[in-house]
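Be aware that the sequence shown starts at 1, since it is given in the numbering used here, and climbs by one per residue.
C-beta: ideal position from N, C-alpha, C; glycine also.
Reviewing the structure listed below.
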Amino acid sequence: MSRPVPNPGILDIAPYTPGKSPVAEPGRKVFKLSANETPFGPSPKAIEAFKHVADHLEDYPEGTSRVLREAIGRSFGLDPNRIICGAGSDEILNLLAHTYLSHGDEAISTTHGFLVYPIATMAVGARNVVATEKNLTCDVDAILKAVTPKTKLVWLANPNNPTGTYIPFDEVKRLRAGLPSHVLLVLDAAYCDYVSRNDYEMGIELVATTDNTVVTHTFSKIHGLAALRIGWTFGPEHIIDAVNRIRGPFNVSTPAMYAAVAAIEDTAHQAMSKQFTETWRNWLAEEITKLGLKVTPGVANFVLIHFPETGKTSDAADAYLTKRGLVLRALKNYGLHHALRMTIGTEEANRLVVDGLRDFMAGK
Ligand SMILES: *Cc1c(COP(=O)(O)O)cnc(C)c1O
């Protein structure tokens, strides 16, 4: 008996494992610090807008997310006609893969790149080529060296998840200049709102001045709307035109659209979150380093904590903290076998993690 067989490559994909959703031990408050969600939730105005459209759930959404594209356009100074909104950046990344990759092509991502990239690549039968990083940071030369005649696309999260590191805009421009012009460069700026470095740019200038670069962004992180699944991309007209041809006609829901409009307009909420994140990221890096652990602080809303390979291991720390209701992210599926990623949480959560790690290191 025969049965349906998945397309080539599908069964080679390792399923994406999301951050653990903790189950509370009796009497323990649980802090989920494993999925880079904001401790603040969305802007109250976004919640208001979401509730407001609940009166008309029988109507299909406006199919092009026009109100949201216009709000994003105002916020970033972009032409709304060159924006596509999607059900999370995940949908956008997959649409890009479907539009530009097929069987036999290659797409490049980096050693500890976001795991959605290889999935999107392999889902269309293309090959995921890994460029090595240097010091847990994207190495432009390694990416350029990995280019072959089959390369069609390069995925780059800047800053990257799960490392939190970034490359300066000069380096991004050097990458673009070194890639063949038919290769699409996808700059994933999911964490750009958290970065305050003079040499960082999300990449909009490059999109505006080249024919082969897109920027993607999300409402899941600083805007706190991960549950609504909403992301977007800004690209050259010809790319927007091509991707729109395969985009589902009603891919963004009305509540998501209006909540996102309110969120992007609440700049005070974003500024508060950014400031808080930076303050506590610095504090965590300092306090955890004092405990004798190595920390990659990064520039996003999380820190990467490195543990010894024997003795006080990341597995042991993970189990210890989980018992205390502190849920961090193990990164073995990212090839980081001795590290935990911690999302910056509330002051209470951050202090509890440091206390927990102190006790763990002291063998208590
Ligand atoms: C969280 C994250 C996203 C956002 O994905 P959504 O589908 O929009 O929730 C995109 N890229 C990276 C690197 C991320 O870490």
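Asked	Found
Rounded straight-line distance, which links the Cα of Gly-363 to that of Met-122	44 Å
Rounded C-alpha distance that separates Ala-49 from Leu-228	13 Å
Backbone secondary structure at Arg-329 - three-state DSSP	strand
DSSP three-state assignment for Cys-85, whether helix, strand or coil	strand
CA nearest to the CA of Ala-120, picked from Tyr-16, His-338, Ala-54, Asn-350	Tyr-16
Asp-12 Cβ short of 7 Å to ligand 1 heavy atom set	no
For Gly-292 and Asn-251, the rounded distance between their alpha carbons	48 Å
Status (buried if at least 16 other CB within 10 Å, exposed otherwise) for Val-5	exposed
Thr-218 CB to nearest heavy atom of ligand 1 below 7 Å	yes
Check whether Ile-246 and Leu-93 have beta carbons under 8 Å apart	no
Where Asp-211 sits in the DSSP three-state scheme	coil
Inter-residue Cα distance where the pair is Ala-263 and Phe-219	8 Å
Run of the alpha helix (DSSP H) containing Asp-170, from where it starts to where it stops	169-178
Beta-carbon spacing of Ile-108, Ile-240 below 8 Å	no
Distance CB(Tyr-194)-CB(Lys-274) smaller than 8 Å	yes
C-beta contact flag for Thr-210 and Arg-174 at 8 Å	no
Those runs of the beta strand (DSSP E) which lie wholly inside the segment 287-334 and span at least 3 residues	294-296, 302-306, 329-331
Asn-161 beta carbon near ligand 1 (any heavy atom closer than 7 Å)	yes
Validate contact between the segment 150-158 and the segment 318-328 using beta carbons, cut 8 Å, 3 pairs	no
Closest Cα partner of Leu-136 within the set Tyr-117, Gly-164, Leu-115	Gly-164
Whole-angstrom C-beta distance between Ala-131 and Ala-142, which should lie under 8 Å	4 Å
Beta-carbon separation (whole angstroms), Asn-212 vs Val-183, contact threshold 8 Å	7 Å
Test item: CB-CB of Leu-410 and Met-257 under 8 Å	Lying before the first or after the last residue shown, residue 410 is absent from the chain, which here runs from 1 to 364.
Asp-90 CB to nearest heavy atom of ligand 1 below 7 Å	yes
CB of Lys-221 within 8 Å of CB of Asn-36, strictly	yes
Whether Pro-297 touches Ala-316 by CB criterion (8 Å)	no
Burial state of Met-1 (16 or more Cβ within 10 Å)	exposed
Asp-105 to Lys-150 span [Cα, whole Å]	5 Å
Opening and closing residue of the beta strand (DSSP E) in which Ser-109 lies	106-110
Neighbourhood of Pro-168 by C-beta distance below 6 Å, restricted to the same chain and skipping five residues each side	Asp-199
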